[in-house]
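Numbering (the numbering used here), first residue to last: 17 to 430.
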């Protein structure tokens, strides 16, 4: 995570720009995420309607199982993308499977529920790791702007999920589930169009055999990046419980943003706006990846510390602390999630890149379960949970800072 350059840890680079294909794949991601997250947002409520007639307990189990299977299906998608099909072919199949799954749900029959979910799971597993790997390969010949590139892609992901939840939810209220699922299907299907357009642009001249000889493969950095993003999501989990318990008079936020706003919404808005800025600023100003990850954990600690100033019976006077905490966590996400994808793309063996990308969720899921268990323990004493989260963020920040300082003293290479 610490690249060696003969200058200081921050470099101002000459004029750089994202490949044209990067914009096309980002557009595809936006469209796919609108349909995908819009559908998932409807799924639980849909299963408890008179059409499907599931009990809430069963619907919760089906919903949670679907989310878990979507994560694990990415491993299958990564394996197929690296060994049997190209990334582009897997993207093509993934889009059509997801669209078919949404269309089956639109039929509104209990008999089409599970086939529809199966196609959704399979399609998502094929699409997600392969489009990320395909996107990352666009920056193989210019790794200095890879962080900026993945930040742009991260913004596309958040924007799609943000719009999907709002727009599809609104459509469902007016036109019902059938129409909403059909629109999700059309949106997902349309996400293949930018991918087809991107094939018209000249891709970087990449030969995997040559790239494997030139590429600085470093398994330790790849594994470290996966562990760090897992720890980060654990710290984020610690923050979420106090937020849920804060009775903050969100009417002020509603009037600011003109729709029902909550912590998640506010965080997404900040992430989109700041992510767009970072995606282009980092084209010209280069910071080492380890510095960005240190900033991420420092800001996560600041966000948790800010929550101490918000009592459970809060008033509008505590609104600034709420906003500051959400802002810090948003900036923290921008400084770690795209960077981890960049680290894996840069240092993983390119022959197995899609598989490595598909495995990112595993440490995140493990730490999330662990921190969720701790949250249950800290439910009656949320301040202890916050202190624990702050301590974890501080320890990781300090450890990374020591690593960075020691690595600066090593002889420069490359």
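A virtual CB, placed ideally from N, CA and C, is assigned to each residue, including glycine.
Collapsed DSSP secondary structure at residue i in the structure displayed
i, result
"residue 157", "coil"
"residue 193", "helix"
"residue 376", "coil"
"residue 59", "helix"
"residue 178", "helix"
"residue 435", "The requested residue 435 does not occur in the structure, where the chain is confined to residues 17 to 430."
"residue 68", "coil"
"residue 364", "coil"
"residue 351", "coil"
"residue 216", "coil"
"residue 33", "coil"
"residue 123", "coil"
"residue 131", "helix"
"residue 326", "coil"
"residue 103", "helix"
"residue 234", "coil"
"residue 44", "helix"
"residue 358", "helix"
Proximity winner among the options, relative to residue i (alpha-carbon distances)
i, options, result
"residue 183", "359, 203, 166 and 129", "203"
"residue 33", "190, 298, 339 and 364", "298"
"residue 386", "404, 144, 94 and 209", "404"
"residue 376", "111, 249 and 312", "249"
"residue 445", "341, 134 and 239", "This structure cannot settle anything about residue 445, because the visible part of the chain is limited to 17 through 430."
"residue 212", "111, 352, 181 and 122", "111"
"residue 94", "422, 423, 384 and 374", "374"
"residue 88", "346, 75, 107 and 138", "138"
"residue 440", "119, 244, 114 and 296", "For the chain, the structure presents residues 17 to 430; residue 440 sits outside this window and is missing."
"residue 42", "389, 170, 399 and 85", "170"
"residue 164", "181, 83, 179 and 308", "308"
"residue 73", "84, 321, 60 and 66", "60"
"residue 50", "356, 172, 189 and 127", "172"
"residue 154", "141, 143, 142 and 168", "168"
"residue 157", "366, 380, 327 and 293", "366"
Whole-angstrom distance between residue j and residue i, CA atom to CA atom
i, j, result
"residue 129", "residue 68", "8 Å"
"residue 301", "residue 286", "21 Å"
"residue 122", "residue 206", "17 Å"
"residue 274", "residue 109", "For residue 274, the predicted model reports a pLDDT of 45, less than 50, meaning its position is unreliable; a value from the coordinates is still stated below. Looking at the two C-alpha atoms, the distance is approximately 38 Å."
"residue 151", "residue 174", "16 Å"
"residue 303", "residue 410", "21 Å"
"residue 422", "residue 415", "11 Å"
"residue 98", "residue 369", "7 Å"
"residue 181", "residue 424", "45 Å"
"residue 39", "residue 107", "16 Å"
"residue 316", "residue 372", "26 Å"
"residue 266", "residue 148", "Caution applies to residue 266, whose pLDDT of 48 falls short of 50 and renders its modelled position unreliable; the model cannot decide the point."
"residue 82", "residue 209", "27 Å"
"residue 192", "residue 125", "14 Å"
"residue 238", "residue 363", "6 Å"
"residue 339", "residue 166", "26 Å"
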